[in-house]
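Read in order, the letters of the sequence shown correspond to residues 1 to 245 in full-length UniProt numbering.
Think of the CB as a built atom: it goes at the ideal place given N, C-alpha and C, for glycine as much as any other residue.
Data block below; observations after.
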Amino acid sequence: MQNNAGAEPKAFVFASDPDERRDLQIFLRRSCGFIVDGGEIRPAAALLREPLFDPQPRLMVISGQSCPDTALGLLHDLRAAGLRSFILYLASSGTLDEAGDAFAAGADDVQRAPLTLRELGLRLRARLGVKFSQTGGRGSETVPQVLIDRDNRLHAAGLSQSVRLTRAEAELMAVLIRSGGEIVSRDELARQIGQAEWEYGDRRYDVHVANIRKKLHKAFGGRYALRSIRFKGYVFCEEVQAESV
Numbered sequence: 001m002q003n004n005a006g007a008e009p010k011a012f013v014f015a016s017d018p019d020e021r022r023d024l025q026i027f028l029r030r031s032c033g034f035i036v037d038g039g040e041i042r043p044a045a046a047l048l049r050e051p052l053f054d055p056q057p058r059l060m061v062i063s064g065q066s067c068p069d070t071a072l073g074l075l076h077d078l079r080a081a082g083l084r085s086f087i088l089y090l091a092s093s094g095t096l097d098e099a100g101d102a103f104a105a106g107a108d109d110v111q112r113a114p115l116t117l118r119e120l121g122l123r124l125r126a127r128l129g130v131k132f133s134q135t136g137g138r139g140s141e142t143v144p145q146v147l148i149d150r151d152n153r154l155h156a157a158g159l160s161q162s163v164r165l166t167r168a169e170a171e172l173m174a175v176l177i178r179s180g181g182e183i184v185s186r187d188e189l190a191r192q193i194g195q196a197e198w199e200y201g202d203r204r205y206d207v208h209v210a211n212i213r214k215k216l217h218k219a220f221g222g223r224y225a226l227r228s229i230r231f232k233g234y235v236f237c238e239e240v241q242a243e244s245v
């Protein structure tokens, strides 16, 4: 198993259902601290040649929820090809032998349906020693379970819609998402994005924030808030929805 000390661990999620794959990726990133990617279940030989597998990810999640036979075949082929990552197999609620077949194919652990993300996080903490935050953040705000992909699209857990961001907007949002619900100053944004030092009167971030707010509201309504805190900076959080009476 390859993993650089001090670096964020890598994870890869294989799931045929795009909604399941999205939610697992978001959970692993936001609650467990993985740098995460994912894809459909496909032949192992081609996968191992991809840059994503150099170095090999610390964690591989393979879901058998949609097509267990294909998922088990991928698991077997990855191990046969020399993959040393920790492999967690998500078994469907189908055959009684599926979990045993997964261990026989080379899984390090198996979690049966129905899947709860809390159990998944606790398993990974016990097996791999990774962090697991059930709140998802360090600040006092409710932290959104969202993820920005390689095409600068922002995805939200449990929702099929996504938001297309510009590169500059995606860079800004990535910093706010990583902050875990804490306020990020304009100076800190400039430092993390690698831009020139921010000076009073510079409205470049205000323009991006205004555009992002419009996109978020169009896609998700009032679910998320991107707030400007006077003299302090910005914070990205999830709005607590009042229960209908």
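* Selection from 29, 173, 126, 103 that minimises the alpha carbon distance to residue 227 -> 173
* Give the straight-line distance between the Cα atoms of residue 215 and residue 79, rounded to the nearest whole angstrom. => 43 Å
* **residue 109 versus residue 83: straight-line alpha-carbon distance, rounded** => 15 Å
* Which of helix, strand or coil does DSSP assign to residue 39? -> strand
* In chain order, what residues of the same chain lie with their CB nearer than 6 Å to the CB of residue 242, ignoring the 5 residues before and after it? -> At residue 242, the pLDDT of 42 sits below 50, so the modelled position is not reliable and the matter cannot be decided from this model.
* Through-space distance from residue 118 to residue 185, alpha-carbon basis -> 32 Å
* Beta carbon of residue 11, beta carbon of residue 57: below 7 Å? -> yes
* **Of the residues 71, 128, 69, the one placed nearest residue 85, counting alpha carbons only** => 128
* To do: May I ask which residues mark the beginning and end of the alpha helix (DSSP H) holding residue 105?
  => 98-105
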